[in-house]
Amino acid sequence: MSSLWWTTILLLALTVSTCYGVPTYQDFLQTHVDFPMTLFPNLALYCNVMMAQRGINVHGRCKTLNTFVNAPPTALNTLCINQTNWSRPITQQQLPVTVCRLIRSRPTCTYTGNQFNHRVQVGCWGGLPVHLDGTFP
């Protein structure tokens, strides 16, 4: 009876966290990590395809800005080891990133892209990155 009770509590907590929008590591990877970087002839095409392919633009709404980190997920995962939930560590080293900016929303979402080497700040939850807070030169 005791293990059933704890299992129920755990499932309830998981359901509540999901309903209240606690982001997940898988969502973070889907939205912000592309390693190795998918190759396209130019960065505008990269951004246009990646934003659509990754499902970042939904229901006809264009996200105005999105950053893809073009480094292995482990480069970001290590930031969150032994961190409290919602801590916001920053990488020591610069990582390659591609920044996609919306330039037109009609008739379809159209982006321009720029590449940088930046330090990356993430938000941690459960020992893993779940949010990209920003990038810095």
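Read left to right, the sequence shown gives residues -21 to -1, 1 to 116 (mature numbering (1 follows the signal peptide of the UniProt record, and there is no 0)).
For each residue, glycine too, the CB sits at the ideal point set by N, CA and C.
What is the DSSP secondary structure of residue i, reduced to helix, strand or coil?
i, result
"C59", "helix"
"H11", "helix"
"L18", "coil"
"V1", "coil"
"T53", "helix"
"Q94", "strand"
"N64", "coil"
"C88", "coil"
"W(-16)", "Low confidence applies here, because W(-16) scores a pLDDT of 43, under 50, leaving its location unreliable and the question unanswered by this model."
Sorry if obvious, but does the Cβ on residue i come closer than 7 angstroms to a heavy atom of the ligand SAH?
i, result
"Y4", "Judged by which ligands are present, the structure shown has none, so any question about the ligand SAH falls away."
Taking the C-alpha atoms as reference points, what is the distance between residue i and residue j?
i, j, result
"H110", "I82", "24 angstroms"
"T87", "P52", "30 angstroms"
"D13", "P108", "15 angstroms"
"G34", "S84", "15 angstroms"
"W65", "V1", "10 angstroms"
"P20", "P68", "34 angstroms"
"residue 143", "T43", "Beyond the ends of the chain as shown, which are -21 and 116, falls residue 143; an answer cannot be given."
"D112", "F7", "11 angstroms"
"L18", "N27", "13 angstroms"
"T114", "A54", "14 angstroms"
Between residue i and residue j, is the Cβ-Cβ spacing less than 8 angstroms?
i, j, result
"T3", "N45", "no"
"M16", "N49", "yes"
"T77", "F47", "yes"
"A23", "T91", "yes"
"N96", "Q73", "yes"
"T70", "R40", "no"
"P75", "Q94", "yes"
In the DSSP output, what is residue i paired with across the bridge?
i, result
"V101", "L111"
"N45", "C79"
- prompt: With a cut-off of 8 angstroms, do at least 3 Cβ pairs link the segment 58 to 66 to the segment 102 to 109?
  reply: yes
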